[in-house]
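Position 139 of the sequence shown, counting from 1, maps to 138 under numbering that gives the first Met the number 0, and the rest follow consecutively.
All residues carry an ideal CB built from backbone N, CA and C; glycine is no exception.
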Amino acid sequence: MSSSPIIPEYLMCAPDFYEVSYIINPWMRPDQWAQEKDVWLAKAKQQWGALKDTIESLGWRVRLIPPADGLPDMVFSANHAFVLGKTALIARFATKERAGETPLAAQWFADNGFRVEHPTAVFEGGGDALYDNALDLIFMGHGFRSQLAAAAELQALFNKTVVPLQLVDDRFYHLDTCFCPLLNGYAMATPLAFTAEGLATLRQHYGDKLLLVDDQAAVHFACNAVVHGQNIVMPTITDGLRQNLTSLGFTLHELPLDSYLMAGGASRCLTLKLTD
Ligand code: ARG
């Protein structure tokens, strides 16, 4: 396998104000966080730093959006926008808890030379819209956060075919928690998260190269991976999936990310790819 010649760039947001203080998905445990706030925050800073270091050690670039007090989930930059080319479709969040991130993201993208657009429908950015370069398709999850109506807006703005996928298990409320395109026509998917029709759609596009993630790896957020070339930066997974991916030629970089799993996020949620 050869990796793509383009140096990928990722947007990240430091966890200075990160905490688990409300519940907007079933993973969120404010009670557990509150018991040992300082310990968890220190851990979150260390784990975020290790993720950033890993990305940079692969020769990839990290850009930073400043964090904001009172917006603890802003650290999950995947949700700030969906980016393709130099156009950013900024998030319109489903929950009031995250709505304050929208103007900050819009400002950052405007300041950094992107064309900034806003959707009319609820749309949670790269958390729900994943572009597969090889297929030249955008897959879009809907059902818990993004609304199906956002698919037509994505299609019109980026002039790409958008494949909507309904999400049916609230633990996998964003598409990036249960689906991940990989190199060479492969993709990972968590069957639990989709309807039979949705899984059939994925099969149609990936055939035998659709790797079904077992339940145990799925709840470790195996699909929430940062992928470039054959490299996969992901939370710690299971032996079976590790063997499977390694035997297919992928290079895994597994990181402990439990302080973020407690908010329903992992490596991919903490990054937003700015390059195609
Ligand atoms: N607590 C955040 C939320 O519920 C986690 C976001 C995770 N991000 C993602 N791209 N899946 O919105």
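Beta-carbon spacing of residue i, residue j below 8 Å
i	j	result
Trp-32	Trp-39	yes
Phe-16	Leu-70	yes
Trp-59	Pro-14	no
Ser-258	Val-232	no
Asp-131	Arg-97	no
Ser-76	Leu-269	yes
Thr-250	Asn-230	yes
His-79	Ala-49	no
Ala-133	Gly-197	no
Proximity test, residue i beta-carbon vs the ligand ARG heavy atom, cut-off 7 Å
i	result
Ala-77	yes
Ile-23	yes
Leu-60	A small fix is needed here, since residue 60 is Arg in this sequence, not Leu. The answer is no for Arg-60.
Asn-97	The question names Asn, but residue 97 is Arg in the sequence shown. Under cutoff, so the answer is yes.
His-219	no
Gly-140	no
Thr-86	no
Met-27	yes
Thr-176	yes
Asp-168	no
Cys-268	yes
Asp-37	no
Gln-224	Residue identity differs from the one stated: residue 224 is Ala in this sequence, not Gln. Flag unset: Cβ of Ala-224 not near the ligand ARG.
Ala-192	no
CA nearest to the CA of residue i, picked from the options
i	options	result
Gly-264	Met-187, Gly-126, Leu-136	Gly-126
Met-27	Arg-170, Val-82, Asn-132	Arg-170
Lys-208	Glu-196, Ala-216, Cys-179	Cys-179
Asp-275	Thr-245, Thr-86, Lys-44	Thr-86
Leu-136	Val-121, Tyr-172, Asn-158, Ala-90	Asn-158
Glu-123	Phe-92, Ala-105, Gly-99	Phe-92
Pro-190	Leu-103, Thr-200, Tyr-205, Val-212	Val-212
Gly-228	Ala-186, Pro-118, His-79, Glu-18	Ala-186
Gln-154	Ala-221, Asn-183, Pro-118, Ala-188	Pro-118
Leu-297	Tyr-172, Phe-81, Asn-111	Here the chain covers residues 0 to 275 and nothing more, so residue 297 does not appear.
As assigned by DSSP and simplified to three states, the class of residue i
i	result
Ala-128	strand
Met-0	Only weak support is given to the placement of Met-0: the predicted model assigns it a pLDDT of 49, under 50, and the value that follows is read from those uncertain coordinates. Coil at Met-0, not helix or strand.
His-117	coil
Glu-18	coil
Arg-62	strand
Leu-83	strand
Phe-276	Here the chain comprises residues numbered 0 to 275, so residue 276 is not present and cannot be evaluated.
Whole-angstrom C-beta distance between residue j and residue i, which should lie under 8 Å
i	j	result
Leu-129	Leu-174	6 Å
Leu-271	Tyr-9	6 Å
Leu-147	Pro-163	6 Å
Ala-192	Leu-166	6 Å
Thr-235	Leu-254	7 Å
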